[in-house]
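Okay, structure first, notes after.
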Amino acid sequence: MPKPLWLVRPRPDGGCDYVSFLPAQGPIGATTVEMREGSHLPPQLPLLKHRKRLGAEEAEHCRRRLQLEAGFRCSEPLF
128 MPKPLWLVRP RPDGGCDYVS FLPAQGPIGA TTVEMREGSH LPPQLPLLKH
178 RKRLGAEEAE HCRRRLQLEA GFRCSEPLF
């Protein structure tokens, strides 16, 4: 997962839940992925609920699970 990726799931209230995967540098040059989970209801500011660093393999597994089981779809960056 070398480039930023956004997943979005619409909510009934007009907002959406989002998960973004952003490349980050880990210890000693190791490539990790920062996963940010939150929600957004325009025109309010986005709400960040969770943030964690994952290895590239684990991030890919999370992405697949979110798309297959939780109804998230690929999206352009929300903000």
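Just so you know, we're using the numbering used here here: the sequence shown kicks off at 128 and counts up by one. No residue lacks a Cβ here, since even glycine has one placed at the ideal position from N, Cα and C. Nothing here was measured: the structure is a model prediction, and the numbers come from that model.
So which of Ser166, Leu134, Glu196 and Leu132 has the shortest CA-CA distance to aspartate 140?
Answer by Cα proximity: Ser166.
Mind listing, in chain order, the continuous beta strand (DSSP E) runs of no fewer than 3 residues lying wholly within the segment 131 to 191?
Those beta strand (DSSP E) runs which fall completely within the segment 131 to 191 and span 3+ residues are 132 to 137, 143 to 152, 158 to 167 and 174 to 182.
Could you check whether the segment 194 to 204 touches the segment 172 to 184, counting it as contact only if at least three pairs of C-beta atoms, one from each stretch, sit closer than 8 Å?
No, they do not touch.
Are there 16 or more other CB atoms within 10 angstroms of the CB of leucine 134, so buried, or fewer, so exposed?
Leucine 134 is buried by the Cβ-count criterion.
Is the beta carbon of glutamate 161 less than 9 Å from the beta carbon of arginine 178?
Cβ atoms of glutamate 161 and arginine 178: closer than 9 Å.
Considering only C-alpha positions, which residue in the set Lys130, Arg136, Leu132 and Gly142 is nearest to leucine 172?
It is Gly142 whose Cα lies nearest to the Cα of leucine 172.
Please classify leucine 168 as buried or exposed, where buried requires at least 16 other C-beta atoms within 10 Å of its C-beta.
Label assigned to leucine 168: exposed.
Suppose you measure from the CA of arginine 163 to the CA of arginine 192; what does that come to, to the nearest Å?
Near 15 Å, if we compare the C-alpha coordinates of arginine 192 and arginine 163.
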